[in-house]
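Numbering (my numbering), first residue to last: 86 to 178.
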């Protein structure tokens, strides 16, 4: 497992990964969280987002998607479900 926030932007991922998991949220959520985390204003956050791969393009490359628009318990349930799926895939190897 590797965590690479800009994996698709680098283009070199094809040689190093077998599956891509995208943790996604709607744009409103993404902007609000970025402002809280970074202290940047909304315009600055949108400027950074404009340099990144489009959300739909990122989702197109994903084998799995966790939608993170809700609270932490909801996110944890999704992670647990996906963890079980990944354990199953591991057992198939």
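Idealized CB from N, CA, C, for every residue including glycine.
Alpha carbon of residue i to alpha carbon of residue j, nearest angstrom
| i | j | result |
| --- | --- | --- |
| residue 165 | residue 120 | 28 Å |
| residue 92 | residue 147 | 11 Å |
| residue 111 | residue 126 | 18 Å |
| residue 162 | residue 173 | 17 Å |
| residue 122 | residue 135 | 18 Å |
| residue 176 | residue 129 | 45 Å |
Contact belief for residue i with residue j at Cβ below 8 Å, rounded distance in angstroms
| i | j | result |
| --- | --- | --- |
| residue 137 | residue 94 | 7 Å |
| residue 167 | residue 156 | That pair is no contact at about 17 Å. |
Reduced DSSP category for residue i - H, G, I as helix; E, B as strand; rest coil
| i | result |
| --- | --- |
| residue 160 | helix |
| residue 130 | helix |
| residue 120 | helix |
Residue j beta carbon less than 7 Å from that of residue i
| i | j | result |
| --- | --- | --- |
| residue 89 | residue 153 | no |
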